[in-house]
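**Student:** Keeping their order, the protein sequence lines are chains A and B.
Residue numbering for the first sequence follows this note's numbering, beginning at 12 and increasing consecutively.
Residue numbering for the second sequence follows this note's numbering, beginning at 49 and increasing consecutively.
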Amino acid sequence: MNTDRGLFPIDLTENQIESEKSFVKFVEEDILPIADKIDREDDMPESVFERMTELGLWGAAIPKTYGGMELDNMTLGLLARALGRGNASILSLLIVHSMVGSVLSRWGTNEQKQEWLPKLAKGDAYASLALTEPQGGSDASNLKLVVEKEGDSFRVNGKKTWISGAQHSDVAIVVGSLEGKPTAFLIDLNEVEGLSRKKIQGMVGFRGAMLAELDFENCLIPKSSLIGRVGFGFSIVAGYALDLGRLWVSWGCCGISESCLKMSVDYSAERMSFGNKLLDHQLIQKMIADMMADVTSSLLVCYHTSKARDENGTAVDESAMSKYIASTASRRVSDNALQIFGAAGCSESSHIQRYWRDAKIMELIEGTTQIQQILLGRHAKRYF
Amino acid sequence: MENRNAIRAFIQKRVNHKELSDSDNIFKLGFVDSMFALQLVSFVEKEFSVVVEDDDLVIDNFNSVDAIERFVNSKVAGSVSSIVAE
Chain A
12 MNTDRGLFPI DLTENQIESE KSFVKFVEED ILPIADKIDR EDDMPESVFE RMTELGLWGA
72 AIPKTYGGME LDNMTLGLLA RALGRGNASI LSLLIVHSMV GSVLSRWGTN EQKQEWLPKL
132 AKGDAYASLA LTEPQGGSDA SNLKLVVEKE GDSFRVNGKK TWISGAQHSD VAIVVGSLEG
192 KPTAFLIDLN EVEGLSRKKI QGMVGFRGAM LAELDFENCL IPKSSLIGRV GFGFSIVAGY
252 ALDLGRLWVS WGCCGISESC LKMSVDYSAE RMSFGNKLLD HQLIQKMIAD MMADVTSSLL
312 VCYHTSKARD ENGTAVDESA MSKYIASTAS RRVSDNALQI FGAAGCSESS HIQRYWRDAK
372 IMELIEGTTQ IQQILLGRHA KRYF
Chain B
49 MENRNAIRAF IQKRVNHKEL SDSDNIFKLG FVDSMFALQL VSFVEKEFSV VVEDDDLVID
109 NFNSVDAIER FVNSKVAGSV SSIVAE
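#1: On the criterion of 16 or more Cβ atoms from any shown chain inside 10 Å, does Asp254(A) qualify as buried, or is it exposed?
#2: Quick check on the DSSP output: what are the complete beta strand (DSSP E) runs of length 3 or more inside the region 174–230 of chain A, in order along the chain?
#3: Output the boundary residues of the alpha helix (DSSP H) element that contains Leu140(A).
#4: Would you list the one or two residues that DSSP bridges to Leu237(A)?
#5: Are the beta-carbon atoms of Arg92(A) and Trp262(A) separated by less than 9 Å?
#6: Expressed to the nearest angstrom, what Euclidean distance is found between the alpha-carbon atoms of Ile385(A) and Asp328(A)?
#7: Determine the direct distance from the alpha carbon of Ser308(A) to that of Arg195(A), and round the result to whole angstroms.
#8: Taking 8 Å as the cut-off, is the beta-carbon of Lys123(B) closer than that to any non-hydrogen atom of the ligand ZN?
#9: In three-state terms, what does DSSP make of Thr339(A)?
#10: For Asn73(B), does the three-state DSSP call read helix, strand or coil?
#11: Roughly how many angstroms separate the alpha carbons of Leu115(A) and Ile73(A), rounded to a whole number?
#12: Since Asn323(A) meets chain B, which of its residues come closer than 7 Å, beta carbon to beta carbon?
#13: Please list the partners that Asp102(B) has in chain A, where partner means a Cβ-to-Cβ separation under 8 Å.
#14: Just to confirm, is the Cβ distance from Lys170(A) to Lys155(A) under 9 Å?
#15: Are there three or more Cβ pairs, one per stretch, closer than 8 Å when the region 175–182 of chain A is compared with the region 101–115 of chain A?
#16: Counting only the same chain and skipping the five closest in sequence on each side, list residues whose C-beta sits under 8 Å from that of Ala340(A).
#17: At a CB distance below 7 Å, what residues from the region 244–258 of chain A approach chain B? Give them in sequence order.
#18: List, in order along the chain, the chain B residues whose C-beta lies closer than 9 Å to that of Ala1(A)?
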């Protein structure tokens, strides 16, 4: 693994290059040696959390005022890219944690910021983002988790599922329906009575993302749990989180794709078939060229989305486009890699089969490919 | 008037240049999707150098060109009065 930037190098500052080197070092030394073990055991070892705490990574997207690193969107992307090369489950845990940190920094009350951001930045507490329900995913108008006012509190009833990190997270942003309107709440998962967590394992990919279902049964939460205002839970709070999340996922997909490409080039340059190296066969060359095109387009769109987000604060359409391009690309690239490697890539001792399974999940999280297509199609006339 | 024109231009582009008066409620007309509010907030902050606080997240502040202009003017006036107070 290296920090090459492909056929069309992207411009980075000295600081960004140095940061990327440290991310890659962390992934090479601490993640890759155990990446397949995490996948096989469907669990994340405590040592990974501890190492990330030592490196300050839990505070990557949190302002320095609260003890975070306050990395720019380009550097956050480079971090996600390195983690994508390492293990997508770790990336997923950091993404949801950072989305919550980022939303709280922007839309949280002073009380919420003071209580949670320093803990989240240090890795003294972990966060989850709870949007998806058993009955639906991105359909904000049909939320079944209901929140009702009760004196100075709110009463919460309903379920959230497929929630990354929820097996152990201390706090979560939960979007529910209050007065029939999507509204966001910050809930202390260790304090709330009536909450039960159900561990989810055996997924096709992201084995180690500590998924769980959260079942809120008659839970009473304080009035101060509200984030933003009633009715803005999806459009502003979750929207702000997803804008960042989609960018991170896209960069993570670049990491998966680049690893698959590099491994495929190395393998096909060595492996012999019909008296020639695999790479000398034109059908293999075609696959490698397709992979290079996918990697290149993914990297460039992610680079420009990070730039747009650094300049404008949000990048809704750009993030959707990067997510669409990079996640569909990583599925194709990993599929080509598996084809080139053959049985060797399907073995549990190969990273390739894990990349292939994780790449499929990348197409589903933070809005499916179809959600990105709908968003982009609706907005096409703005640009063309 | 300049503020109004900038707001109108931003919204017109995002409703695919549909016929729209300055008092039309863009949310009720169904011209915008869930991610629009976030883009609108970013636009208001960047274009008019104001900060939209969580207390400002009230639909009445953002549902028409007229409403957004009123909101922007009140925020700009608020910023000026806090500078004067300092």
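By construction, the Cβ of each residue, glycine as well, lies at the ideal position given by its N, Cα and C atoms.
**Tutor:** Concretely, from the data shown:
#1: To locate residue 254(A), count along the first sequence from 1; it is residue 243. Classification of Asp254(A): buried, given that the 10 Å Cβ count is 16 or more.
#2: 182–189, 192–199 and 206–210
#3: Numbered from 1 along the first sequence, position 129 holds the residue referred to as residue 140(A). From DSSP, Leu140(A) is part of no alpha helix (DSSP H) but of the beta strand (DSSP E) over Ala138 to Ala141.
#4: Here residue 237(A) refers to the residue found at position 226 of the first sequence. For Leu237(A), which the question treats as bridged, DSSP gives the partners Phe196(A).
#5: Working through the first sequence from its first residue, we reach residue 92(A) at position 81. Working through the first sequence from its first residue, we reach residue 262(A) at position 251. Closer than 9 Å, so yes.
#6: Looking up residue 385(A) in the first sequence gives position 374. Looking up residue 328(A) in the first sequence gives position 317. So the alpha carbons of these two residues sit roughly 11 Å apart.
#7: On the first sequence, residue 195(A) is found 184 positions in, with the first residue counted as 1. On the first sequence, residue 308(A) is found 297 positions in, with the first residue counted as 1. The identity of residue 195(A) in the sequence shown is Ala, whereas the question assumes Arg. Each residue's alpha carbon lies about 35 Å from the other.
#8: In terms of ligand content, the structure shown is empty, and the ligand ZN therefore cannot be addressed.
#9: Within the first sequence, numbered from 1, the residue matching residue 339(A) stands at position 328. In this structure, Thr339(A) counts as helix in the three-state DSSP scheme.
#10: Looking up residue 73(B) in the second sequence gives position 25. Reduced to three states, the DSSP call for Asn73(B) is coil.
#11: Sequence index remark: in the first sequence, residue 115(A) carries index 104 (1-based). Sequence index remark: in the first sequence, residue 73(A) carries index 62 (1-based). Near 9 Å, if we compare the C-alpha coordinates of Ile73(A) and Leu115(A).
#12: As a position in the first sequence, residue 323(A) is number 312, starting the count at 1. Ordered by position in chain B, the residues that pass the 7 Å Cβ test against Asn323(A) are Ser90 and Lys94.
#13: Within the second sequence, the letter at position 54 stands for residue 102(B). Here the neighbours are Trp118, Gly119, Thr120, Ile238, Gly239 and Arg240.
#14: The residue labelled residue 170(A) in the question sits at position 159 within the first sequence. The residue labelled residue 155(A) in the question sits at position 144 within the first sequence. It is a contact, given that the beta carbons lie within the stated cut-off.
#15: yes
#16: Looking up residue 340(A) in the first sequence gives position 329. Result list for Ala340(A): Cys264, Ser268, Asp305, Val306, Ser308 and Ser309, in chain order.
#17: Phe245, Ser246, Ile247, Gly250, Tyr251 and Asp254
#18: Here chain A covers residues 12 to 395 and nothing more, so residue 1(A) does not appear.
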